[in-house]
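Novice: Residue numbers for the sequence shown follow the UniProt record's numbering, so the first one is 1 and each next one is one higher. All residues carry an ideal CB built from backbone N, CA and C; glycine is no exception.
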Amino acid sequence: MSLWLAGVALPSPSPSAQPTTFGAGVISVSFLLSVLIWAPVVMAGIIAVIPRGGRTRLERWPLGVAFWTMVGTCAITLIGYSQFQSFSGGLQFEERLPWLPSIGVSYHLGVDGISMAVLLLNQLIGVVAVLAGWELRDRPRSYFALLLLTQAAVTGVVAAQDFFLFFLFWALAAVPVALLAGGWVRRPGASARVLAYWAFGSAALLVGGLLLYRGTGATNFDLGSLAGIQGQTRLQFLAGVLFLLAAATRLPLVPLHGWVKDVYRDAPTGVAILVAGASSRLGGYELVRLLAGAEHDGAKRLAPYLGLLAALTVGYAGLAALRSRQVRGVAAYLALVPGGLTLLGLAGLTPLSLHGAVLSLFAGGLAAALIVGAAATLTERAGTGRVEFAAGLAGRMPVLAWLFAIGALSVLGLPFLATFAADLMIFLGSFGTVPAPAFAVAAALVLVAGAVAWLLQRTLFGAANREGPEPEEASLPEKWYLGILVGALLWVGLVPGGPKLLGIPLFDPGLINVISPGVADLASAYAPAPPPTPSSSPSASPSPATSPAASPRPSSTP
């Protein structure tokens with residue numbers, strides 16, 4: 001493990017300035033990122049006009065259209081991922097079209113290694129979210145259409161390289177999620193709470209971006225142009241605070257987490273998975289791009305506050321999980337932990353902690369989706385959501401019990417899972433720069449571990465409750481969607497550098513190899529300045545000890 005971590009921290013080869021066409025090894029088309037964004041939008045429109053089928057075959061059409069759309073976009077992403085030039089920096093799969101040239105706005109898409117990791121996560125979560133709605137019968141047309149629109153907006157945020165486009169997709173992502181919360185969550189005001197929190201975050205993001213635009217004096221909203229701000233520490237700090245507020249409403253971070261129970265605990269399983277695994281990761285991604293990547297002085301000043309928020313979020317999650325008496329309620333609070341760990345990695349501002357933070361976006365998204373999805377499935381199959389009534393389930397639903405246990409332990413960074421590698425890099429990289437927050441987060445994880453142990457002991461290994469309904473084992477679609485999440489966590493945890501045959505990479509370039517060039521560029525701005533080298537005065541004459549003329553010549557023998 002130490003050798004692997006050392007390899008992660010090595011600098012990558014110098015980046016290439018030449019953008020790479022999407023799928024350059026098999027297909028050479030320059031608009032496939034647009035396909036990933038707009039194909040779900042088109043398919044959502046088709047689902048919306050499918051006539052109501054009642055109990056005919058048309059009833060299953062929305063599910064079929066959504067499923068094959070997600071599978072198709074995921075397959076395209078996997079092709080691009082397998083052909084990604086792992087040791088090349090800069091943007092790949094790039095698209096650029098003029099949109100509003102009078103104000104410097106363009107339709108600019110592209111991904112680097114960091115974006116590719118989050119894009120791959122989003123596509124996997126999209127497939128899983130649709131599979132989780134396999135048995136949905138309540139207004140399937142609206143449900144699956146809104147799921148596709150959410151997926152399209154999330155993909156747009158990840159692929160956008162223009163701030164205006166970034167903000168537009170960020171804001172639009174709130175609308176379908178709020179509608180899903182309002183239509184399928186039986187809690188008064190659920191939709192309004194989600195919309196209020198996320199709209200506040202969108203407003204903070206917009207103001208912060210405009211401050212950055214003003215500070216750089218850029219003539220366009222390209223993210224690369226906005227990353228060139230120098231000095232103006234107060235402006236950077238203010239914009240950084242606004243970016244942090246925007247991220248806190250999505251990750252979410254305490255105290256801007258008021259919508260969590262509406263979605264993670266009470267929403268349908270597919271909605272909870274999509275938001276916990278994909279939409280919420282946008283908060284961490286936004287901090288990577290707009291805070292750590294664009295405001296170097298602001299990020300340094302905010303680093304202690306990031307660490308404090310990380311400790312507060314993880315500690316609150318542990319305490320709230322211990323107090324909750326509903327299985328999905330405990331899972332909802334446990335799903336906050338990966339976001340707090342991502343924040344700690346960003347606070348460290350070292351190559352190792354930043355590697356861990358970016359890997360945590362991927363691994364933490366899988367872990368959060370797995371715990372909320374497994375808890376929702378277990379609650380449905382057990383026939384009760386109360387912890388004290390859902391007891392002794394390991395012997396009666398062994399497959400689901402194992403999946404649920406892995407989901408709970410993945411939040412803690414179980415060895416051989418991707419979260420273990422991410423958490424290890426985060427702590428090793430942050431103890432040296434932000435020691436107090438790192439120790440506080442480590443202590444808070446003890447509370448989280450206690451909540452996980454209590455939850456598993458009461459639900460899986462306690463005395464069976466014979467008075468309630470007889471629990472049922474998970475169905476085949478439920479095993480599939482939970483198994484996909486577990487498989488992805490295991491794959492990246494076991495072979496983060498990708499499989500190799502005789503030293504030759506096979507079909508997977510390795511997630512850690514994909515993200516390394518982007519993280520190396522990100523971390524280079526925070527490298528300590530080299531010590532000044534002593535310089536001699538040009539007028540000073542060399543000392544006799546060092547002057548070539550003063551050195552004795554060897555005597556020659558006649």
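So what's Ala160 in DSSP terms, helix, strand or just coil?
Specialist: It is a strand residue.
Novice: Check whether the Cβ atoms of Leu366 and Leu489 sit closer than 8 Å, and answer yes or no.
Specialist: yes
Novice: Less than 8 Å between the CB atoms is what I'm expecting for Pro496 and Ile512, so what's the real figure, rounded?
Specialist: 4 Å between Cβ atoms; contact.
Novice: Below 8 Å, how does it come out for the segment 342-349 and the segment 299-315: are there three or more Cβ pairs, yes or no?
Specialist: yes
Novice: If distances are taken between C-alpha atoms only, which option among Leu100, Ser202, Leu412, Leu172 comes closest to Gly315?
Specialist: Leu412
Novice: Glu95 bridges to which residues according to DSSP?
Specialist: Leu109
Novice: Report all residues from its chain with a CB closer than 6 Å to the CB of Phe362; omit the five preceding and five following residues, and keep chain order.
Specialist: Ala117, Leu121
Novice: For Ala174 and Ala152, which I take to be in contact (beta-carbon distance under 8 Å), what is that distance rounded to the nearest angstrom?
Specialist: About 13 Å separates the two Cβ atoms, so there is no contact after all.
Novice: Considering only the beta carbon of each residue, do Val327 and Ala321 sit closer than 8 Å?
Specialist: For Val327 and Ala321, no; Cβs fall outside 8 Å.
Novice: If we count Cβ pairs, one from each stretch, closer than 8 Å, do we get three or more for the segment 232-248 versus the segment 79-97?
Specialist: No: the two stretches stay apart, fewer than three of their Cβ pairs being nearer than 8 Å.
Novice: Could you give the DSSP three-state label for Arg141: helix, strand or coil?
Specialist: Helix.
Novice: Considering only residues of the same chain and omitting the five flanking positions on each side of Leu403, which have a CB-CB separation below 6 Å?
Specialist: Contacts found: Ala374, Leu482.
Novice: Any idea what DSSP makes of Gln230, helix, strand or coil?
Specialist: coil
Novice: Which same chain residues end up closer than 6 Å to Ser82 when comparing Cβ atoms and leaving out the 5 residues on each side of it in sequence?
Specialist: These residues qualify, in order along the chain: Phe507.
Novice: In terms of DSSP beta bridges, what is Leu100 paired with?
Specialist: Val105
Novice: Going by Cα to Cα distance, which pick from Thr219, Gly189, Leu63 is closest to Leu136?
Specialist: Leu63
Novice: Is there contact between the segment 102-116 and the segment 510-526, where contact requires at least three CB pairs shorter than 8 Å?
Specialist: yes
Novice: What does DSSP give as the partner residues of Arg386 in its beta bridges?
Specialist: Gln326
Novice: Around the Cβ of Ile229, are there at least 16 other Cβ atoms within 10 angstroms (buried) or fewer (exposed)?
Specialist: buried
Novice: Where does Thr21 sit, in a helix, a strand or coil, going by DSSP?
Specialist: For Thr21, the predicted structure reports a pLDDT of 46, less than 50, and the residue's modelled location is therefore unreliable. A value from the coordinates is still provided. DSSP places Thr21 in coil when its eight states are reduced to three.
Novice: Can you tell me whether DSSP reads Asp521 as helix, strand or coil?
Specialist: helix
Novice: Taking the C-alpha atoms as reference points, what is the distance between Ser410 and Gly364?
Specialist: Answer to the nearest angstrom: the Cα atoms are 9 Å apart.
Novice: Check whether the segment 247-265 touches the segment 189-209, taking contact to mean three or more Cβ pairs, one atom from each stretch, closer than 8 Å.
Specialist: Touching, yes, given that three or more Cβ pairs across the two stretches are closer than 8 Å.
Novice: Would you list the residues sitting across from Asp222 in a DSSP beta bridge?
Specialist: Asp162
Novice: Give me, in chain order, the residues of the same chain whose beta-carbon lies closer than 6 Å to that of Val337; leave out the 5 immediate sequence neighbours on both sides.
Specialist: So the list reads Val314, Ala317, Val411, Val448, once near-sequence residues are dropped.
Novice: Count the CB pairs spanning the segment 175-191 and the segment 215-235 that are closer than 8 Å, and state whether there are at least three.
Specialist: no
Novice: At the level of alpha carbons, what is the spacing between Pro188 and Gly182?
Specialist: Answer to the nearest angstrom: the Cα atoms are 8 Å apart.
Novice: Assign Val26 to one of three DSSP states: helix, strand, or coil.
Specialist: Only weak support is given to the placement of Val26: the predicted model assigns it a pLDDT of 41, under 50, and the value that follows is read from those uncertain coordinates. Note: Val26 maps to coil in three-state DSSP.
Novice: Mark Glu472 as exposed unless 16 or more other C-beta atoms lie within 10 angstroms of its C-beta, in which case mark it buried.
Specialist: exposed
Novice: Is the number of C-beta pairs between the segment 429-440 and the segment 381-400 that are closer than 8 Å three or more?
Specialist: no
Novice: Would Gly429 pass as a contact of Gly340 if the rule is Cβ separation under 8 Å?
Specialist: no
Novice: Do Leu131 and Trp491 have their CB atoms nearer than 8 Å?
Specialist: no
Novice: Let me know the secondary structure DSSP gives Glu59 once reduced to three states.
Specialist: Three-state DSSP puts Glu59 in a helix.
Novice: Are the CB atoms of Leu119 and Thr155 within a distance shorter than 8 Å?
Specialist: Remark: C-beta atoms of Thr155 and Leu119 approach each other more closely than 8 Å.
Novice: From which residue to which residue does the alpha helix (DSSP H) around Trp454 run?
Specialist: 435-459 is the span of the alpha helix (DSSP H), which, as asked, contains Trp454.
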